[in-house]
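Report on the following structure.
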């Protein structure tokens, strides 16, 4: 990853990141961390304290992981653009239309987001592979 990160830094290009709290949530179930509110942006407070940082949702924690990796690669100036995100509406653990709608609800719906979501139609993945 280091050569790619340094190339992005030299050109000023962003890192395009696919950020799926759903997959982190399903993976965390195996680790017995099962706060669906953390994954769906509905947690009323800090769920994961991490040194000086406090995470209220899985999305921010995932994005910060990308930033940490870029810093470790000597490319901390590279911006991150979330290229995909979403929650499946059927076919897996906690996959429901209600959860997909909650996950996709934006704080500023009038602002256009440059991202691709898979909440409608589960188009990106075979969810049976993550069960």
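Residue numbers (this note's numbering): 5 to 135.
Glycine included, every Cβ here is placed at the ideal spot set by N, Cα and C.
Just so we're clear, the structure is a prediction, and the values are computed from it rather than from any experiment.
The C-beta of residue 11 has fewer than 16 other C-beta atoms within 10 Å across all chains shown, which makes the residue exposed.
For residue 85, the enclosing beta strand (DSSP E) covers residues 84-89. Boundaries of the beta strand (DSSP E) harbouring residue 19: 19-22, taken from the DSSP string. Using a 10 angstroms sphere on the CB of residue 62, the tally of other CB atoms reaches 16 or more, which defines it as buried. Inclusion of residue 88 and residue 22 in the CB contact set at 7 Å is warranted, their separation being smaller than that value. Distance from the CA of residue 77 to the CA of residue 85, rounded to the nearest whole angstrom, comes to 18 Å. Residue 65 sits in a helix when the DSSP states are folded into three classes.
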